[in-house]
Each structure stands twice: as structure tokens, then as C-alpha cells.
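Peer 1: Quick one: structure below, then a few questions.
In this note's numbering, the protein residues as written are 0 to 324.
Here you go:
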């Protein structure tokens, strides 16, 4: 089992250190995964409208609430998708999320990306004149969207609001304009992408980090970090799995960590925490050689998002930047 550790948010609420991610799960896999997870002690579930599986999560929740847990014992996160950054669409999407899940509130609602799409033409609208590109809404600013999120929190349908995939500059813009500090910034975080500057800034202003893709990402044809020799060596030393070591690396850094799996054995195993010594932590940290490696870069998506969010080399050809304020 996990250590049962919870981490405090700037709202005073707590978030369980280890959660279940549901990104990239195939149809009809998530219902079973969520039920297995909750029955095996998970209390933190990470969801999103764009994952297109929240209805399955809702079916699973009916199987475990209240027979296994009460609603109040679960911490459930979902995310506002890019096509709903404007006030009317944002509230409609939140209501649809709650309907899909069969819930009356979320513990945390995040702005999924610092990118708005033109609303009214599906989750990922194609640009009318630029083939292979998403239709960006460059008028709605991140501050506009954040003000909408603040209003959603005031309805009581969400207990806390935050962001995902935001940089220091993005977060600073929100705080400077509204004075409201996001509770969480959910980002890609693993030993090849430690994001030390972002982590330090978030700690300074009181934004909690949740780490997704803690084991790496195999979408780009590169080995998962679980295959790294140093990670395997630490795992063998601790009598742990490489995945447990990578989850422990994130926990060592103060993150909540949301590994994704739909296989019962891995769901159970990922929840069995181990503790890294400083020596073991440093050994895993040292697998990053040279430049950081980010896997989730929107300009590589299909359709392409023509926007530079992280200033990665691949994004240098983008013709747009995030509209912060």
C-alpha cells in the first residue's frame, strides 16, 4: 500500500500523494481500472474531458460509492478543455463533466493547457484555411480564462482551481492580474524533465506540482524511463519495481504523482510506495544527461497547434505565443 501521505494545497485542502492517471487509456479500459484502483486504496483520480472516458469513470464510481468509499474520501480532478475557455462554454463543460461522473462537485478543476481553441466546432476544431492545424482562439487570454475559473469556483461545483502545462510566465500573469494563486500546476515531470526553475517558482508562490508521465512516455518511440539501467539498479537494491522508483523520485521532490495504468498488477504495484535515500535520489536524477527531454509538445500534435508554449527547439517555427493578458 501507499504511505497514505497527503500534501496540503494553498486552499487548506489536502491532495493524496499518489493518484491514478487516466490519460491514453483505450475505450472500455478505464471503468475497470478505476474500480480496481479504488478497491486497492487509491483515493486520488485524475481525469479530463479530452480523455473521452469520463463516462466510464462515472460508471466505476457508482460501483465504489458508497460501498467502498464515501464521495468525501475521494479527491477527483478534471480539466477544462481548450474549446471551452470562454465563460459560457466553460460552465457548460463543467456541468457536462459532473453529469458524466455522476457527481455534484470536483475537488480540483484545472485549465488543461494555456491555449484556447475557437469554440463551437468540437473538441479540436480544424483551422478553416490552414490544413492540418487546430483553430486557435488568440483573442481569449489566459487571464480571461482564469477569471472564468474563479467564477466557477464561486458556484461551489469545484473546491479548488488550478492549471496544467503552465510555465512560470503563464502563472505569473494570472497572479499579477487577479491575485488568485492556482492551487496546482499539473505538468510533465520525470528525471529527464525535472523543470527545476518551475518547481522552485511554484514552491515560492504556493502552487503545488502534480507530475504526469512520471515513468516517461512511449508515444515518441523512445524507451520508457523504467528501462534505464540506473533506475533498474536502484529498484533491484530496494527490492522494488522501476516504476515504484520513479514514483518515489517524484514524491521525494514534493510532487503528487499520477502514474497511469489499466493493468491490475501494475495499478496495485504502483501504489506500493518505496522511499529513496538521498544517494538513490541523486542516482536517478543523474540519468538526465544534457538537455531536458519533453515528450508532450503541442506543435507535434495532429492537428498541429501552431503555438510556442515551452520554447523547445521543436517550437521555434511556431508563429504564435500564449496570449497571457
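Glycine residues also receive a C-beta, built at the ideal position from the N, C-alpha and C atoms.
Model, not experiment: these values are computed from the prediction.
I want to know whether the segment 213-225 touches the segment 294-303 - three or more CB-CB distances under 8 Å.
Peer 2: yes
Peer 1: Kindly indicate which residue of 43, 58, 54, 48 has the alpha-carbon position closest to the one of residue 74.
Peer 2: 43
Peer 1: Considering only residues of the segment 162-230, which uninterrupted alpha helix (DSSP H) runs meet the minimum length of 4 residues and lie entirely inside it, listed in chain order?
Peer 2: 167-177, 195-204
Peer 1: Would residue 46 and residue 37 be called neighbours here (beta carbons separated by less than 8 Å)?
Peer 2: no
Peer 1: Between residue 163 and residue 126, which are expected to be in contact by the criterion C-beta below 8 Å, what is the C-beta distance as a whole number of angstroms?
Peer 2: Their Cβ separation, rounded to whole angstroms, is 23 Å, which puts residue 163 and residue 126 out of contact at 8 Å.
Peer 1: Identify the continuous beta strand (DSSP E) that holds residue 79 and give its terminal residues.
Peer 2: 74-79
Peer 1: What are the complete beta strand (DSSP E) segments, minimum 3 residues, inside the segment 29-96?
Peer 2: 43-45, 74-79
Peer 1: What is the rounded straight-line gap between the Cα of residue 157 and the Cα of residue 53?
Peer 2: 16 Å
Peer 1: May I ask you to list the residues that DSSP assigns as paired with residue 295?
Peer 2: Answer by DSSP bridge pairing: none, since residue 295 is not bridged.
Peer 1: By DSSP, does residue 234 sit in helix, in strand, or in coil?
Peer 2: Per DSSP, reduced to three states, the secondary structure at residue 234 is helical.
Peer 1: Can the beta-carbon of residue 302 be found closer than 8 Å to that of residue 119?
Peer 2: Against a cut-off of 8 Å, the Cβ pair of residue 119 and residue 302 comes out as no contact.
Peer 1: Does the segment 231-238 come into contact with the segment 185-194, if we say contact requires no fewer than three beta-carbon pairs (one atom in each stretch) closer than 8 Å?
Peer 2: no
Peer 1: I'd like the span of the beta strand (DSSP E) that includes residue 323, first residue to last.
Peer 2: Counting along the chain, residue 323 falls outside any beta strand (DSSP E), and DSSP gives it neither H nor E.
Peer 1: Measuring straight from C-alpha to C-alpha, what distance separates residue 155 and residue 69?
Peer 2: 19 Å
Peer 1: In three-state DSSP terms, what is residue 152?
Peer 2: In this structure, residue 152 counts as helix in the three-state DSSP scheme.
Peer 1: Buried or exposed: residue 16, going by 16 or more other Cβ atoms within 10 Å of its Cβ?
Peer 2: buried
Peer 1: Of the choices 277, 93, 116, whose alpha-carbon is the least far from that of residue 319?
Peer 2: If we check each option's Cα against that of residue 319, 116 comes out closest.
Peer 1: I want to know whether the segment 199-215 touches the segment 2-10 - three or more CB-CB distances under 8 Å.
Peer 2: yes
Peer 1: For residue 258, I'd like the list of residues in its chain whose CB is within less than 7 Å of its CB, leaving aside the five on either flank, ordered along the chain.
Peer 2: 20, 213, 214, 242, 246, 269
Peer 1: With a cut-off of 8 Å on the beta carbons, I'd call residue 256 and residue 210 a contact; round off their distance for me.
Peer 2: 5 Å
Peer 1: Need the endpoints of the alpha helix (DSSP H) that residue 277 sits in, please.
Peer 2: 277-284
Peer 1: On the CB-based measure, 16 or more other CB atoms within 10 Å of its CB, does residue 66 come out buried or exposed?
Peer 2: It is exposed - the Cβ of residue 66 has fewer than 16 other Cβ atoms within 10 Å.
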